[in-house]
Amino acid sequence: MHSEVRNAKRFQQEVYALVRSIPVGKVTTYGTIARALGAPRHARQVGQALAGMSEDDDAPAHRVVNCSGVLTGEHAFGPPGTMRALLEAEGVTFREDGRVDMARRLWDPGPE
DNA sequence: AGCATGACGCCTA
DNA sequence: ATAGGCGCCATGC
């Protein structure tokens with residue numbers, strides 16, 4: 039157990055905590071989360087952290103999309119269409135092209 | 001140590 | 001508006 043791994047785990051926990059505060063009906067992005075955590079160049083690591091989430095985690099990871107409103111984490115929610123269904127059930131609206139309407143649904147906690 | 005991979009995002013044409 | 005190129009950085013082999 040090296041310190042690098044510990045830090046990665048702590049980062050992972052911080053990501054989950056922030057994801058848990060995303061309001062129902064809203065979405066945020068990997069980059070937005072990274073910035074909020076003071077690590078603006080770690081958008082990829084945010085995705086990595088979510089990929090490592092265990093089944094029983096309560097964090098609503100389906101509310102995290104990429105900066106274009108594309109559901110890039112869709113594959114982690116079982117059958118195709120599941121992630122979108124979860125979001126629509128919460129009132130998230132989609133554009134005709136299948137992307138989330140970011141202009142109206144983006145949630146940004148800002149730097150803390 | 002080097003190379004590939006990825007739930008990313010900015011810049012450019 | 002959008003597709004490609006490229007920078008970024010943790011992980012695994």
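Just so we're aligned: the first sequence equals residues 39 to 150 in the working numbering. In this text, a Cβ means the ideal position worked out from N, Cα and C, and glycines have one as well.
Buried versus exposed call for residue i [16 or more other C-beta atoms within 10 Å across all chains shown]
i, result
"His100", "buried"
"His80", "buried"
"Ala141", "exposed"
"Val138", "buried"
Residue i vs residue j beta-carbon contact at 9 Å
i, j, result
"Pro117", "Ile60", "no"
"Gly63", "Arg122", "no"
"Ala74", "Pro149", "yes"
DSSP three-state assignment for residue i, whether helix, strand or coil
i, result
"Leu56", "helix"
"Val84", "helix"
"Val43", "helix"
Limits of the unbroken alpha helix (DSSP H) element including residue i
i, result
"Glu126", "Thr120 to Ala127"
"Thr110", "Careful: Thr110 lies outside any alpha helix (DSSP H) and carries neither H nor E."
"Gly69", "Tyr68 to Ala74"
At a cut of 8 Å, does the stretch 52–59 reach the stretch 83–92 through at least three beta carbon pairs? yes
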